[in-house]
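For the sequence shown, the working numbering gives the first residue as 7, with consecutive numbering after it.
Encoded as structure tokens, the structure appears first; notes follow it.
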Amino acid sequence: MRWLRVLLLLRRDLYALYLALLPTLTIWHLGQSIHWKSGHRKICKLYNTYTSSSSFQALEQHTKMDGLLLSHLTALLSCIDPAEWHVSTPIFRFRSLLQGPPASNDSSTPPICPKHSLTADFIDDLYSRFENNNFSIHSHFKSYAHGIFPDASRLFNHSCMPNAAVKYRIHSHESVQMQVVALRSIAQGEEICIPYLDPALVQTRPTIFELTYGFTCTCPSCRVVRDVGTLPEPPQDPAEFQNICRRLGEFVKTMGESPFLTGNSALFPKDLACVLHESFITSLSDIFSQASHDGPHAIAVEASETLLALYQLIYPPNYPQIGLHLVERAKASWNYLVSSDSLSTARVDDLKRGLSSAVKILSVIEPEGDQEDGPMKDIQMLLNDVRTV
7 MRWLRVLLLL RRDLYALYLA LLPTLTIWHL GQSIHWKSGH RKICKLYNTY TSSSSFQALE
67 QHTKMDGLLL SHLTALLSCI DPAEWHVSTP IFRFRSLLQG PPASNDSSTP PICPKHSLTA
127 DFIDDLYSRF ENNNFSIHSH FKSYAHGIFP DASRLFNHSC MPNAAVKYRI HSHESVQMQV
187 VALRSIAQGE EICIPYLDPA LVQTRPTIFE LTYGFTCTCP SCRVVRDVGT LPEPPQDPAE
247 FQNICRRLGE FVKTMGESPF LTGNSALFPK DLACVLHESF ITSLSDIFSQ ASHDGPHAIA
307 VEASETLLAL YQLIYPPNYP QIGLHLVERA KASWNYLVSS DSLSTARVDD LKRGLSSAVK
367 ILSVIEPEGD QEDGPMKDIQ MLLNDVRTV
């Protein structure tokens, strides 16, 4: 199958609704009439009191989104006769999903908004399936809400080197749609896998898999990480740090397929193990972000090149984050060009190649999110700017 596209849930699946942080956004997308009948009438008058309450404000941000999602689900179920919760309904499929492992169920169910007749045990039972089954909704790959997609939870397993990725289509007056898109050619009989979390969380992801999902990941990437062993911290000395960045870039340019994709740990240089330490990507991202905004732009370009090499090492080909970073790298390169005394033809050509690569990668999964803006529009603006030089 080449560029397999699977539309998982259609608008009729009201349980696959998404939750923005403001109910007006949900109304705008679903339509006032549909949303009012599907439970908003049980939340509307109580919403401001609920979100301003001390119990809600004390929650962490991701738990607030869970509380909002649970509130909408409870309101929706309160509007449906339990006799209609038969096998073919989304709520039946959701309740048939595995509960999270005991460690993930230690946290108490967050407070919810609507008036309802459901028992506390029933609501706890619903919430016990949230952390290991729900999805983060994103627009242009920026997460803003949580959503319930029971068919996707049932159909797709995880890989840190996935051959597919999730995207969302958002249109006015419609429920959000999840789509799963192939990142590469998928052979007949090959399992379609998606990432449950950011594969860049090399250090923490084994613990998350164990405590939140109850499994040990055996994908090629995790096999390499286990073979590497304890990950040392990156060097604090600036010269040594720069040397590691240079070594990483040199390795990625000549590696062919990433050893994290093939699972061949013998091909990964052990002296680069520190680049897998999460403080390495954090430090690089901070350097890139600060230099991109405040300069010097040459530092931003340099950091962006190392980040690109790291992404190409730990992400599979055509992974959206690689394309998104190529766009940000192009912005940094453009700022460097226009702030220089003279334009470098080589740098202009490099910028064009980077944008071309970004288009190739993002075209696999775009359009994604709402239709107002996004990385493809940023690319077009940059291409227009480049044509003027």
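The beta-carbon is built from N, C-alpha and C at its ideal position, and this holds for glycine as well.
Select from G106, T125, Q209, A352 the residue whose C-alpha is nearest the C-alpha of I287. Residue 287 sits at position 281 when you count from the first residue of the sequence shown. Taking only the C-alpha atoms, the option nearest I287 is Q209.
Are there 16 or more other CB atoms within 10 angstroms of the CB of H303, so buried, or fewer, so exposed? What you label residue 303 is simply residue 297 of the sequence shown in a count that begins at 1. Buried, by the Cβ-count rule.
What span of residues does the alpha helix (DSSP H) with Y317 cover, start to end? Taking the first residue of the sequence shown as 1, we reach residue 317 at position 311. Where Y317 is concerned, the enclosing alpha helix (DSSP H) stretches over 303-320.
Since F141 sits in a beta bridge, which residues does DSSP pair it with? Walking along the sequence shown from the start, residue 141 turns up at place 135. For F141, which the question treats as bridged, DSSP gives the partners G153.
At what residues does the beta strand (DSSP E) containing Y53 begin and finish? Taking the first residue of the sequence shown as position 1, residue 53 is located at position 47. Unbroken run through Y53 is the alpha helix (DSSP H), 53-58; no beta strand (DSSP E).
Taking the alpha carbon of Y133 as the reference point, which residue from L124, P168, P116, S149 has its own alpha carbon closest? Working through the sequence shown from its first residue, we reach residue 133 at position 127. With distances taken between Cα atoms, Y133 lies closest to P116.
At the level of alpha carbons, what is the spacing between Y325 and I367? Against the sequence shown, residue 325 aligns to sequence position 319. Against the sequence shown, residue 367 aligns to sequence position 361. Spanning the two alpha carbons is a distance of roughly 7 Å.
Indicate the three-state DSSP secondary structure (helix, strand or coil) for Y21 in the structure shown. Counted from its first residue, the sequence shown places residue 21 at position 15. Per-residue confidence for Y21 stands at a pLDDT of 35, beneath the threshold of 50, marking its modelled position as unreliable; the derived number appears in the next sentence. Helix.
Beta-carbon contacts of C251 that lie in its chain and below 7 Å, excluding the five residues immediately before and after: Locating residue 251 in the sequence shown gives position 245, where the first residue counts as 1. Only T312 meet the Cβ criterion.
Based on Cα-Cα distance, which residue from C225, L319, I293, V182 lies nearest to T260? The residue you call residue 260 lines up with position 254 of the sequence shown. Checked all of C225, L319, I293, V182; the closest Cα to T260 is L319.
Among V365, Q105, I143, the one whose alpha carbon lies nearest that of F128: Taking the first residue of the sequence shown as 1, we reach residue 128 at position 122. Comparing Cα-Cα distances from F128 to each of V365, Q105, I143, the minimum goes to Q105.
In three-state DSSP terms, what is G195? As a working note, residue 195 is residue 189 in the sequence shown. The answer is coil: DSSP assigns G195 none of H, G, I, E or B.
With a threshold of 16 other CB atoms inside 10 Å of the CB of V135, please say whether the residue is buried or exposed. Here residue 135 refers to the residue found at position 129 when the sequence shown is read from its first residue. Residue identity check: residue 135 is Arg in the sequence provided, not Val. Classification for R135: buried.
DSSP three-state call for G375: helix, strand or coil? Taking the sequence shown and counting its residues from 1, the one referred to as residue 375 is at position 369. Three-state result, G375: strand.
Residues near E284 in its chain [Cβ-Cβ closer than 6 Å; skip 5 each side]: Counting from one through the sequence shown, the residue named residue 284 turns up at place 278. Contacts found: Q209.
Counted within 10 angstroms of its Cβ, other Cβ atoms place F266 as buried (16 or more) or exposed: Numbered from its first residue, the sequence shown carries residue 266 at position 260. When all chains shown are included, F266 counts as buried.
By the 10 Å Cβ neighbour count, where 16 or more other Cβ atoms means buried, how is D355 classified, buried or exposed? Here residue 355 corresponds to residue number 349 of the sequence shown, with the count starting at 1. With fewer than 16 other Cβ atoms within 10 Å, it is exposed.
Return the residue from the list E372, I86, V395 that minimises the CA-CA distance to M184. Locating residue 184 in the sequence shown gives position 178, counting from the first residue. The option with the nearest alpha carbon to M184 is E372.
Here's a check: name, in chain order, each residue in its chain whose Cβ is nearer than 7 Å to the Cβ of E239, leaving out the five neighbours to either side. Looking up residue 239 in the sequence shown gives position 233. Cβ within range, chain order: C280, H283, S285.
Measure the beta-carbon distance from G269 to P226 and round it to whole angstroms, keeping in mind my assumption that it falls under 8 Å. Within the sequence shown, numbered from 1, the residue matching residue 269 stands at position 263. Within the sequence shown, numbered from 1, the residue matching residue 226 stands at position 220. Yes, they are in contact, since the Cβ atoms of G269 and P226 sit about 3 Å apart, within 8 Å.
Give a yes or no on whether 8 Å exceeds the smallest Cβ distance from W91 to chain B. In the structure shown, chain B cannot be found, because there is only a single protein chain.
Quick one: grab the DSSP three-state call for Y202. The sequence position of residue 202 within the sequence shown is 196, counting from 1. Of the three classes helix, strand and coil, the one that applies to Y202 here is coil, per DSSP.
Going along the chain, which residues of its own chain have a beta-carbon closer than 6 Å to the beta-carbon of L27, five neighbours each way excluded? By 1-based counting over the sequence shown, the position of residue 27 is 21. Residue placement at L27 is flagged as unreliable, the pLDDT there being 30, under the threshold of 50; the coordinate-derived value follows with that caveat. Excluding positions up to five away in sequence, the list is empty.
When you compare only the Cα positions, how much space is there between E246 and A364? The residue labelled residue 246 in the question sits at position 240 within the sequence shown. The residue labelled residue 364 in the question sits at position 358 within the sequence shown. Each residue's alpha carbon lies about 31 Å from the other.
Backbone secondary structure at H164 - three-state DSSP: In the sequence shown, residue 164 corresponds to position 158, counting from 1. Strand, per DSSP.
Give every residue of the same chain whose Cβ lies closer than 6 Å to the Cβ of A315, excluding the five residues on either side of it in the sequence, and list them in chain order. Translated into the one-based positions of the sequence shown, residue 315 becomes position 309. These residues qualify, in order along the chain: L254, G255, V258.
Assuming I198 contacts F162 under a Cβ cut-off of 8 Å, what Cβ separation, rounded to an integer in Å, is found between them? One-based indexing of the sequence shown puts residue 198 at position 192. One-based indexing of the sequence shown puts residue 162 at position 156. Contact holds; Cβ gap of about 6 Å.
Between which two residues does the beta strand (DSSP E) containing K173 stretch? As a first step, residue 173 is located in the sequence shown; it is residue number 167 there, counting from the start. 170-175 is the extent of the beta strand (DSSP E) around K173.
Taking the alpha-carbon of L278 as reference, which of C50, K121, V231 has the nearest alpha-carbon? Walking along the sequence shown from the start, residue 278 turns up at place 272. Nearest of C50, K121, V231 to L278, Cα basis: V231.
Between S145 and P201, which are expected to be in contact by the criterion C-beta below 8 Å, what is the C-beta distance as a whole number of angstroms? Indexing the sequence shown from 1 puts residue 145 at position 139. Indexing the sequence shown from 1 puts residue 201 at position 195. Contact doesn't hold; Cβ gap of about 18 Å is too wide.
Which same chain residues, not among the five before or five after F141, have their C-beta less than 6 Å away from its C-beta? Indexing the sequence shown from 1 puts residue 141 at position 135. Excluding positions up to five away in sequence, the list reads G153, F155.
Only counting the same chain, and skipping five residues up and downstream in sequence, which positions put a Cβ closer than 7 Å to that of L349? Within the sequence shown, the letter at position 343 stands for residue 349. Taken in chain order, the residues that qualify are L343, V395.
Between the C-alpha atoms of A151 and M71, what's the straight-line distance to the nearest angstrom? Locating residue 151 in the sequence shown gives position 145, counting from the first residue. Locating residue 71 in the sequence shown gives position 65, counting from the first residue. Roughly 6 Å separates the two Cα atoms.
Under 6 Å Cβ to Cβ from S149, same chain only, skipping five residues before and after it: list those, please. Looking up residue 149 in the sequence shown gives position 143. Excluding positions up to five away in sequence, the list reads S142.
Would you kindly work out how many angstroms separate the C-alpha atoms of S84 and H68, rounded to a whole number? Start at 1 with the first residue of the sequence shown, and residue 84 comes out as number 78. Start at 1 with the first residue of the sequence shown, and residue 68 comes out as number 62. S84 and H68: Cα-Cα distance of roughly 24 Å.
Out of F221, K48, K337, R190, which one is the CA nearest neighbour of A297? Working through the sequence shown from its first residue, we reach residue 297 at position 291. Closest by alpha carbon: K337.
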